[in-house]
Structure formats: C-alpha cells, structure tokens
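Add 7 to the 1-based position in the sequence shown for this note's numbering, that's all there is to it.
In this text, a Cβ means the ideal position worked out from N, Cα and C, and glycines have one as well.
All values derive from a computational prediction rather than experimental measurement.
One structure is given here, and the rest of the page talks about it.
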Amino acid sequence: MAQTKIIQRRIRSVKNAKQITKALEVVAASRMRRVVEAVARSRTYGNLSAAIMRRIATSYEAKTHPYFAPSSDKPTLYIVMTSDRGQAGAFNSNVFNLALDDFKADKARPQVLVFGRKGARFFAQLAGIDLVGAYEDIADIPEANVFSPVLDLIADAVNEGKTGTVKVIYTEFLSPLSQRTTSFQLLPIDVPTEAENQLPKEIAYEFEPEIGDVLDEGIKLYFEAHLMQAKIEAAASEHAMRMVAMGNANRNASDLIDDLTLELNATRQAAITQEIAEITGGAAAISQ
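Put into structure tokens, the structure is as follows:
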C-alpha cells in the first residue's frame, strides 16, 4: 500500500505540472500569433529604410562618411536580442553561441548592447567584452521611442570613433516550427557599386534641406527600422520556441502519466495477488 500511495502522489504531481505547461503553451501560441502579424510589416519597413539609405549613398560622397566607410581596426558594437524569461528551448543559448563565435573573430575588444534579462545576466558575467547597455522588459512590439537611447548611443559611438562596425544578433522567424539565429551588419551601410546600382545614371535627386541633414534623419529611421524588425522577429521566435517546448513537455508528461498508471496497476495487481495467496495459504493451513 505504501508503494501505491507513492505512485499516486507522483501521478498527481505530474498532472499538476502538465496543467502549468499546457497553460504556458496556450499563452505562447496566442502571443506568437499576435506578434507574427507585425513581422511582415517590420520587414517591409526595414527594407524600405535600407533602400532609402542606398539611394542617398549613390547621390552622396559616402566613401569617407563613418556610416558608410568600413573601419576594421575599431571595436565592433554588437546589439544582441535575448528574452526576459526562460522556458523557450534553445532560444537564448543559440543566440549566446552565435555571439561568442562572432566575438572570437574580432581583433578588438567587443562592445555589447543587449536586450533581455537573460542576455543581461549572461554578458554581465562574461569576461573580455564591454557591456555598454542592457534593456529589459521591452514589449514584444515596442514603440519607436523605446530605441531613442540606443540610437543616440550608436550615433555617438560612431561619430566619436569609438566603434567602426555595428552588428545585430537575433533570431529570425521563419515559421512556428522553424527559426534561425542570425546576425547582420547594421553599419557601415553597404554602398552599391555601379553594377549593383539599378538606378539610371541620368536620374539626379534634389534634397531639401541639405543632403547631410537628410542623411542624419534617414540614419535614425534606418536604425529604428532594423532594430524594430530584429526585436519583433526575436519576440515571435521566442514565443514559437516556448510553444514547442511546452508542447513537448505536455507530451512527455502524458507519457509519464501513462507509465506511472501502468506501474500503479501492476503494483495493485501484485498486492491483490499476494493477498489472495495469503488467504489461500491460510485457508489451507486451517483445513489441515
């Protein structure tokens, strides 16, 4: 009987855990669907902002401007998108591994600006880097002004020569069952070559006010659009991976409950068989 009670307690414990993981799965699925609707819009915004900057580059002496001119001897600033919460499978560990691989290729000491509590804790304990900023509790679909401090930090770092390259590391959302951890270069912006430039040479743009002022405003929109896209895609990927992880946990819990139920039934059967044997043995002894 003691063994039976132990198994029953384990079954109740697993059922309670399954209720929690099921609730987390449902919540993650709901949040993922909401954020996925914003993914396509953010990609369109990012592509348009990049196209605008490339057009400015074709009409501007961009070769020496810090936003366009590569500088490999200066530190790289990494903007890393992680999550505030766990239970999302390998979401954060994949981001950390890619970041560490990129750090190894840097000659100078990497600078890191991280979004998400998990990343803030990880990079705060990591030697060999400079953690220049950490942002937590940012909404899945943030307001544009959330990135204002980041934009100022990037602009100051580039204009003052503290960094020459800015890269963003995040998880790209492909589908609810497929995500890809990736990185892209935010700065310097690629200047299209003559072969890549599809604009007719006779087209000339007029900029109001001066092109330098247009560039200053355009670069802010460019930063904002790509950071917004990376944050939204990371949020969609996080919820998708949490949904899958909790779904797997539910199935594992169901399998464990089935196994424990079989064990419980076998234990009960053994106890009943033993009682019958004892009764039969006692009756035989009395009859003798």
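Item                                                                                                                                                        : Value
Between K29 and N257, is the Cβ-Cβ spacing less than 7 Å?                                                                                                   : yes
Under 7 Å, do K25 and A260 count as touching if we go by C-beta distance?                                                                                   : yes
On the premise that N166 lies in contact with P73, defined as a C-beta separation below 8 Å, what is that separation, rounded to the nearest angstrom?      : 6 Å
Since K12 is in the alpha helix (DSSP H), which residue starts that stretch and which ends it?                                                              : A9 to T65
Report the three-state DSSP secondary structure of Y142 (helix, strand or coil).                                                                            : strand
Tell whether a beta-carbon distance below 7 Å holds between A296 and V175.                                                                                  : Outside the modelled stretch of the chain, which goes from 8 to 295, sits residue 296, for which no answer is possible.
Just to confirm the assignment, what range does the beta strand (DSSP E) spanning K111 have?                                                                : Not the beta strand (DSSP E): K111 falls in the alpha helix (DSSP H), residues F98 to K111.
Pull up the CB-CB distance for F98 and P195, whole angstroms please, since I reckon it's below 8 Å.                                                         : Going by Cβ atoms, the distance from F98 to P195 rounds to 29 Å, so no, they are not a contact pair.
Grab the span of the beta strand (DSSP E) containing S182 for me, first residue to last.                                                                    : T172 to S182
Return the residue from the list S78, A273 and I14 that minimises the CA-CA distance to D197.                                                               : S78
Any idea if E32 is buried or exposed, counting beta-carbon neighbours within 10 angstroms, 16 or more meaning buried?                                       : buried
Once the 5 residues before and after E209 are set aside, which same chain residues still bring their CB inside 7 Å of it?                                   : Only weak support exists for where E209 lies, its pLDDT of 44 falling under 50; the value from the coordinates is given anyway. So the list is empty, once near-sequence residues are dropped.
Between T170 and A164, which are expected to be in contact by the criterion C-beta below 8 Å, what is the C-beta distance as a whole number of angstroms?   : 4 Å
Would you report the Cα separation of E231 and A57, rounded to the nearest angstrom?                                                                        : 11 Å
Compare the C-alpha of A115 against each of D108, I136 and L107 and name the closest.                                                                       : I136
Give the single residue among E285, F122, M235 and S244 whose Cα lies nearest to the Cα of R48.                                                             : M235
So the beta strand (DSSP E) S190 belongs to, where does it begin and stop?                                                                                  : S185 to L194
Leaving out five residues on either side along the sequence, give the residues of the same chain with a beta carbon under 8 Å from the beta carbon of R187. : T178, E179 and L181
Based on DSSP bridge pairs, tell me the residues matched to D137.                                                                                           : Q118
Use the C-beta contact count for A202: other C-beta atoms within 10 angstroms, 16 or more gives buried, fewer gives exposed.                                : Low per-residue confidence applies at A202: pLDDT is 43, beneath 50, and the placement is therefore not dependable, though the value from the model is reported in the following sentence. A202 should be labelled exposed.
To which residues of the same chain is L267 closer than 8 Å at the C-beta, ignoring the five residues directly before and after it?                         : I14, R17, I18 and V21
Name, in chain order, the residues that DSSP records as bridge partners for V87.                                                                            : V121 and I176
For S37, is the classification buried or exposed, using 16 other Cβ atoms within 10 angstroms of its Cβ as the cut-off for buried?                          : exposed
Roughly how many angstroms lie between the CA atoms of P149 and Y142, to the nearest whole one?                                                             : 12 Å
Is E224 helix, strand or coil when you go by DSSP?                                                                                                          : helix
How many whole angstroms separate the CB atoms of F103 and F122, which I take to be in contact at a CB cut-off of 8 Å?                                      : F103 to F122, Cβ: 13 Å. No contact.
Check A243 in the structure and name its three-state DSSP category.                                                                                         : helix
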